[in-house]
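One structure is given here, and the rest of the page talks about it.
Number of protein chains: 2
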Amino acid sequence: MTQKQPTIKEIAKKLNISVSSVSRALHDHPSIGLRTRLRVQQLAKEMNYEPNQTAIFFQQRKTFTIGVILPHLSESFFSDAISGIEDTAHKNSYTVLIGQSHDEMEKEQQLLESMKKHRVDGLIVSISKNTSSYAHFEVLKNANIPIVYFDRIPNMPDIHYVACNMVSGTIQAVNYLHKKGHRVIGLLNGPEKLFSSAERLDGYRKALDKNRLKYDPSLVANSDLTTEGNYEATKKLLVNKRRVTSIVAFNDYVALDAMHYAQEQKVKVNKDICFVSYANFPFAKYLRYSPMASVEQFPYIQGQKATEMLLELLKKNDESETNPGYYKIILDSQLIIYNQQ
Amino acid sequence: MTQKQPTIKEIAKKLNISVSSVSRALHDHPSIGLRTRLRVQQLAKEMNYEPNQTAIFFQQRKTFTIGVILPHLSESFFSDAISGIEDTAHKNSYTVLIGQSHDEMEKEQQLLESMKKHRVDGLIVSISKNTSSYAHFEVLKNANIPIVYFDRIPNMPDIHYVACNMVSGTIQAVNYLHKKGHRVIGLLNGPEKLFSSAERLDGYRKALDKNRLKYDPSLVANSDLTTEGNYEATKKLLVNKRRVTSIVAFNDYVALDAMHYAQEQKVKVNKDICFVSYANFPFAKYLRYSPMASVEQFPYIQGQKATEMLLELLKKNDESETNPGYYKIILDSQLIIYNQQ
DNA sequence: CTGTTAGCGCGTTCAT
DNA sequence: ATGAACGCGCTAACAG
């Protein structure tokens with residue numbers, strides 16, 4: 299039963315030829331006799347020969363593995379992104395190593411360290427919301443392990459990344475609310491230091507401008523994305539002396555908390571106050587109180603593009619081409635409007 | 299910038315000692331001089347030495363990697379399970395390789411093949427709902443790669459597994475409905491060949507018995523777990539000549555579809571008909587129409603236990619102990635009752 | 001305590 | 001067309 303995996307050495311011995319001939323035959327090397335090639339290939343099949351990947355990794359100084367570090371799998375945005383990454387990687391014979399930072403910088407550092415130790419060829423990263431310093435990423439860069447960031451990208455020059463343009467999505471969101479008659483629109487934003495928060499704010503202000511509404515800083519609140527933080531921020535918006543009739547929320551999960559809080563305060567969702575959010579998560583249409591619309595960020599495609607970009611970089615790296623500059627792909631986001639209930 | 303990683307060889311040369319001394323010093327081997335040990339360790343730190351894992355994997359004939367194959371990450375049950383697996387694995391210096399079968403047997407086979415090629419030390423598997431033959435698992439067994447199954451376990455003798463006892467949970471569910479006054483209770487079950495479907499049916503019948511209700515096969519429907527299948531099965535229950543006042547649904551996602559279908563048929567959820575389901579997924583309390591209760595299956599703990607079991611098996615394997623028999627861990631499930639709305 | 005040597009499986013010269 | 005020899009980085013068995 300428990301049979302050791304055969305090696306080219308054993309094949310060579312059985313056929314009374316050298317290991318290099320076996321190796322060549324298995325790789326359809328040009329300079330190998332047809333006869334020996336066939337004999338080798340047949341015997342290999344019979345013995346269920348499988349090349350020992352660990353030996354190859356070692357010898358090639360490559361693992362054909364890409365590491366993925368993201369906040370958590372439980373958010374559907376990220377699990378969809380993973381699917382895009384996996385599909386693309388497998389199509390190119392790469393394996394994917396996944397790690398969850400659970401939104402903690404320390405864990406993110408550990409994972410990075412571990413991935414480096416495991417000699418992943420490259421990395422795809424969506425940073426944790428608590429990441430304040432980027433030193434741990436620099437280390438990888440120095441070790442010549444390329445990193446492609448996606449969605450949650452660090453505020454750092456000279457990086458490769460794939461992201462969704464949140465400005466346009468936010469403008470669509472605010473326009474939509476405006477068209478529905480809303481004039482006092484709040485922004486329930488994420489942590490200030492996140493790039494995507496800045497983008498949302500940017501889009502929000504641009505859209506207000508376009509609709510000739512005055513920007514009022516007291517209508518903007520930042521949350522740390524914990525449930526308590528979400529409640530806090532919602533509270534700040536609800537107690538505003540101007541009656542906020544609608545809120546653009548950082549994402550669907552934040553909106554969920556905000557709606558819950560509003561209901562508790564006897565503010566009727568979708569009557570007294572409306573929500574628009576981001577991510578278009580799959581249960582929106584089943585919710586008791588759901589946002590009116592959500593900005594789709596195309597996680598699967600982001601994952602796909604990020605992987606393609608990374609593989610491209612690895613290829614250039616192999617061919618030791620000169621620095622190809624920094625790649626950026628920015629997708630457009632799109633407002634999805636849910637059916638009225 | 300791009301600096302090659304230093305090796306023990308280079309350290310040895312710089313210190314004019316042999317590589318084995320360096321190796322020993324780095325591992326705090328007993329028979330090594332304090333002086334050389336310190337010198338080595340200091341220089342190693344200075345040079346940012348990091349052992350080349352791929353070399354170690356190769357020479358130890360172990361990868362310290364465990365493969366995980368499951369239907370999909372998007373179901374919260376599985377992403378929670380992954381967290382349990384990852385945490386336990388990392389605690390023991392193991393890495394986790396994740397693959398999604400997307401509930402297709404063919405993809406499952408491919409993943410298994412790929413994991414074998416990558417020489418994972420062991421596997422944790424939750425089988426796809428379409429898996430009808432287990433030959434691909436036998437192959438791994440023969441290659442001496444242990445497999446621990448969890449939650450979705452194959453109907454096969456001689457396997458290691460961790461699962462939740464669905465019988466007791468189902469009994470709790472039916473008892474709960476009975477206490478609430480329901481007398482015509484339907485079972486919206488999963489695919490017949492899934493072991494967990496059989497368990498649900500078993501618990502269902504036992505509970506009916508206990509409550510002196512007669513088992514009526516027309517009150518049981520099987521779904522293939524697609525949305526269409528869920529609608530079909532719900533329809534079968536709703537058109538029954540006896541008016542079904544409550545349904546035990548295979549899981550929360552199935553319940554979601556069933557409730558949607560019921561509403562469409564003008565059957566009011568939580569009024570004309572009540573639901574109880576399984577998995578206790580995190581959004582239940584936010585739903586417009588939610589089940590009254592859900593059977594918690596403790597995915598994180600299942601993941602944890604499965605990993606511990608696998609690591610145990612690997613240890614025995616290393617020490618080439620005699621066949622330790624087959625491990626089984628069966629957790630109790632627990633009905634979680636949601637607040638009335 | 002320390003150095004020398006062998007070998008893990010494979011691909012890749014360099015000879016022949 | 002084929003074989004012999006080497007090395008990737010590391011651990012371990014053996015010899016001193």
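Chains as they are written, first to last, in our numbering: chain H, 299 to 639; chain Z, 299 to 639. Don't be surprised by glycine CBs; every beta carbon is placed ideally from N, CA and C.
- Val537 of chain H counts as exposed, since fewer than 16 other C-beta atoms from the protein chains shown sit within 10 angstroms of its C-beta.
- Contacts with chain Z (Cβ-Cβ distance below 8 Å) from the stretch 364 to 381 of chain H involve His370, Leu371, Ser372, Ser374, Ser377, Asp378, Ile380 and Ser381, listed in chain order.
- With a cut-off of 8 Å on Cβ pairs, the stretch 616 to 631 of chain H is in contact with the stretch 453 to 463 of chain H, counting three or more such pairs.
- Looking at the backbone, the Cα of Gln357 of chain Z and that of Lys603 of chain Z are separated by about 29 Å.
- Each residue's CA atom was taken as its position, placing Leu517 of chain Z and Gly484 of chain Z some 5 Å apart.
- Note that the C-beta distance between Phe548 of chain Z and Asn487 of chain Z is below 7 Å.
- Listed in chain order, the alpha helix (DSSP H) runs fully inside the stretch 322 to 357 of chain Z are 332 to 344, counting runs of at least 4 residues.
- For the pair Ala433 of chain Z and Val446 of chain Z, the Cα-to-Cα distance works out to about 16 Å.
- For His416 of chain H, the neighbours in chain Z by C-beta distance under 7 Å run, in chain order, Gln351 and Thr393.
- Straight-line measurement puts the Cα of Met413 of chain Z at about 20 Å from the Cα of Lys613 of chain Z.
- Assigned with DSSP and collapsed to three states, His458 of chain H falls in strand.
- Ile451 of chain H sits buried, since 16 or more C-beta atoms from the chains shown fall within 10 Å of its C-beta.
- Contact with chain Z is found for Ile396 of chain H, since one of that chain's Cβ atoms lies less than 7 Å from the residue's Cβ.
- The C-beta of His480 of chain Z has 16 or more other C-beta atoms within 10 Å across all chains shown, which makes the residue buried.
- Within the stretch 530 to 554 of chain Z, contact with chain H at the beta-carbon level (separation under 7 Å) is assigned to Leu554.
- Within the stretch 569 to 593 of chain Z, those residues whose Cβ lies closer than 7 Å to any Cβ of chain H are, in chain order, Phe581, Tyr584, Leu585 and Arg586.
- Between Leu368 of chain Z and Phe376 of chain Z, the C-beta spacing is below 7 Å.
- In this structure, DSSP gives Ile635 of chain H an extended state, which the three-state scheme calls strand.
- Listed by position along chain H, the residues whose Cβ is nearer than 8 Å to that of Glu610 of chain Z form an empty set, because the closest Cβ is around 18 Å away.
- Chain H has a Cβ within less than 7 Å of the Cβ of Phe355 of chain Z.
- According to the DSSP assignment, Lys360 of chain H belongs to no alpha helix (DSSP H), since it is labelled neither H nor E.
- With contact defined as three or more Cβ pairs closer than 8 Å, the stretch 386 to 398 of chain H and the stretch 336 to 346 of chain H are not in contact.
- Taken in chain order, the unbroken stretches of alpha helix (DSSP H) that lie wholly in the stretch 419 to 488 of chain Z and span 4 residues or more are 433 to 440 and 464 to 477.
- According to the DSSP assignment, Gln563 of chain H belongs to no beta strand (DSSP E), since it is labelled neither H nor E.
- Apart from the 5 residues on each side of it in sequence, Gly527 of chain H sits with its Cβ closer than 8 Å to the Cβ of Ser521 in its chain, given in chain order.
- Per DSSP, reduced to three states, the secondary structure at Thr305 of chain Z is coil, with no helix or strand assignment.
- CA-to-CA, the gap between Asn314 of chain H and Asn440 of chain Z works out to about 28 Å.
- Contact annotation: Gly420 of chain Z and Pro444 of chain Z have beta-carbon atoms nearer than 7 Å.
- Beta-carbon to beta-carbon, Arg417 of chain Z and Thr352 of chain H are separated by about 5 Å, close enough to satisfy the 8 Å threshold.
- In this structure, DSSP gives Asp507 of chain Z a helical state, which the three-state scheme calls helix.
- Contact between Val593 of chain H and Val542 of chain H fails: their C-beta atoms lie close to 19 Å from each other, not under 8 Å.
- Per DSSP, Ser544 of chain Z is one residue of the beta strand (DSSP E) stretching across Ser544 to Ala547.
- In the DSSP assignment, Asp378 of chain Z falls within the unbroken alpha helix (DSSP H) covering Ser374 to Lys389.
- When the alpha-carbon of Lys312 of chain H is set against those of H:Phe596, H:Lys491, H:Val338 and H:Val366, the nearest one is in H:Val338.
- Straight-line spacing of the CA atoms in Glu617 of chain H and Arg359 of chain H works out to 14 Å.
- Gln595 of chain H carries a coil assignment under DSSP once its states are collapsed to helix, strand and coil.
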